[in-house]
Amino acid sequence: MSEHAARLLAVPPVVPASRTAAAAGGSHRVRIVDGALECLARQGTSKTTVDDIARRAGVSRATVYRVFPGGKVEVIAAVVDTEMARLFSALGASMGAADTLSDVLVNGITEAYTRITTHPALTYLVEHEPEVVLGHLAFDESNRLLATATRFVGPFLARWMDPEESARVAEWSARIVLSYCISPSARTDLADRRQARTLVETFVLPGIRALRAPDASDPIDLNRYAADHRAGGPTA
Amino acid sequence: MVVDTRQRIIEATYACVARWGLAKTTVEDAAREANVSRATVYRHFPGGRDELIHDVVSWEFLAFFLRLYEEVQEATSLEAVMERGIRFAHRSIVEHEVLQRVMQTEPETLLPTLTLESNRIREAIAEFLLPYLLQHGMAEGVDPTQAADFLARMVLSYMASPGRWDLDDPGQVRQLVREELLAGVVVGPEPRGAPGT
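Here the protein sequences come in this chain order: A and B.
Going by our numbering, 7 is the number at position 7 of the first sequence; the sequence numbering is gapless.
To get our numbering, take the position in the second sequence, counting from 1, and add 1000.
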């Protein structure tokens, strides 16, 4: 149970509950996955039964088992995969739309922080079944999570730095998001773009500059504006 | 001697945990190990087993940070404090047999308490770093309290999950601290000059 449910950690809410499940009229599989997500947001993993999932999805218990022979564990795994993909696709869209290094980092940090901290299922789990989530945030599991985030985020930094530097900065950013998600700060709200920008520009960009300072022949141009490559303007 | 009995029970419980793990340690085990009655354990820990386990985790966590505190006492500069602290904490975690075993077998029992405690510890680390930051001199426009909180968060993050860094390598830790963590926080840590544009 905790194996899959805990992977919810990196997960966002994209589709409002009202638009999901039976209302969407999708295939059985879609309805079951959406229904399970709603169940998790209302009662967490341990209290959610296959009956609950079936009821919310508007299908029979037998249908759930026909589509997911592994039952609850398999449904939850599909929910986690779906939510992870939503998080990463939202992150990609947000970072990909940025034209300066500062914007890439601010967009990524704000997007990830907001989605993780407002995700209904994840919020419920953190509150009521913290052990389900926390296992993935400590020690070896956290290293794995950082590695996944680094592989995904690194390429978005490729316009400004080489792959080694990108990986380093990507991992650093992922640490920042995780730290503030696990223990939110009263002083710094990363959901607020302005505050996230202050944090990035105060603490992160100087560290990135230091990667090549002081004798670099090709210093990193933090504000390189790739207007010639992009039609769209920078994001607000 | 109320304090001594309580302490003895905690230490006895820790011995049980080291032997059998968190889940298998019972109030009876702790009482037997401490040579006290079950009633005595309940008198000191009215919440029973849950309270006992929670307090043992807190106790060992605090002990770990007292060792860390001692380790960095002699360091005189901000850089040295952070480098020694990160290296020592990393080694302590890797070499902590009980912690490693419990993390393997029953992380779900340990982690909620550990996470709660790490919030308190983060504040303690930030408080500890603050005078070093002020002594070093802050970069323009950087709020010392906010910087201390940020650094404490990062120290905790790296010590628990080194990620791509080899924290046994003093050169890497030096690079991590000086070029990454402190670059924006303090005025030009040697040997770097003014930051570029």
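Even for Gly, the Cβ is constructed at its ideal location relative to N, Cα and C.
{"Check": "Backbone secondary structure at M161 (chain A) - three-state DSSP", "Outcome": "coil"}
{"Check": "Alpha helix (DSSP H) runs wholly inside the region 1008-1090 of chain B, at least 4 long, in chain order", "Outcome": "1027-1034, 1038-1044, 1048-1073"}
{"Check": "Of the residues B:A1080, B:V1041, B:S1157, the one placed nearest E1028 (chain B), counting alpha carbons only", "Outcome": "B:V1041"}
{"Check": "Contact residues within the region 1022-1038 of chain B, judged by C-beta distance below 7 Å to chain A", "Outcome": "none"}
{"Check": "Backbone CA spacing between I1125 (chain B) and S166 (chain A) [nearest angstrom]", "Outcome": "29 Å"}
{"Check": "Test item: CB-CB of A196 (chain A) and L190 (chain A) under 7 Å", "Outcome": "yes"}
{"Check": "Extent of the continuous alpha helix (DSSP H) to which R86 (chain A) belongs", "Outcome": "72-96"}
{"Check": "Alpha carbon of T49 (chain A) to alpha carbon of V75 (chain A), nearest angstrom", "Outcome": "11 Å"}
{"Check": "Limits of the unbroken alpha helix (DSSP H) element including P184 (chain A)", "Outcome": "From DSSP, P184 (chain A) is part of no alpha helix (DSSP H); its letter is neither H nor E."}
{"Check": "Chain B within 7 Å of L101 (chain A), Cβ atoms only", "Outcome": "no"}
{"Check": "C-beta atoms of I1086 (chain B) and V1173 (chain B) nearer than 7 Å", "Outcome": "yes"}
{"Check": "Sequence-distant residues of its chain with Cβ nearer than 7 Å to C1016 (chain B) (five each side left out)", "Outcome": "T1025, D1029, A1030, E1033"}
{"Check": "When A:F152, A:G154, A:A174 are compared against Y1158 (chain B), the one with the closest alpha-carbon", "Outcome": "A:A174"}
{"Check": "Short-range partners of chain A found in the region 1085-1112 of chain B, where Cβ spacing is below 7 Å", "Outcome": "M1103, P1107, E1108, L1111, P1112"}
{"Check": "Beta-carbon proximity list for A158 (chain A), same chain, < 8 Å, skipping 5 on both sides", "Outcome": "S166"}
{"Check": "C-beta atoms of I116 (chain A) and C181 (chain A) nearer than 7 Å", "Outcome": "yes"}
{"Check": "Between the CA atoms of A1063 (chain B) and R151 (chain A) - distance to the nearest angstrom", "Outcome": "36 Å"}
{"Check": "Below-7 Å beta-carbon distance, Q1172 (chain B) vs any chain A residue", "Outcome": "no"}
{"Check": "6 Å CB neighbourhood of A149 (chain A) in its chain, flanking five on each side removed", "Outcome": "A174"}
{"Check": "Cβ neighbours of G1021 (chain B) in the same chain (closer than 8 Å, five flanking residues each side left out)", "Outcome": "R1101, V1102, T1105, E1106"}
{"Check": "In DSSP terms, what V1186 (chain B) is bridged to", "Outcome": "B:M1138"}
{"Check": "Nonlocal neighbours in the same chain, by C-beta distance under 7 Å from T1113 (chain B), ignoring five residues either side", "Outcome": "H1054, V1057, S1058"}
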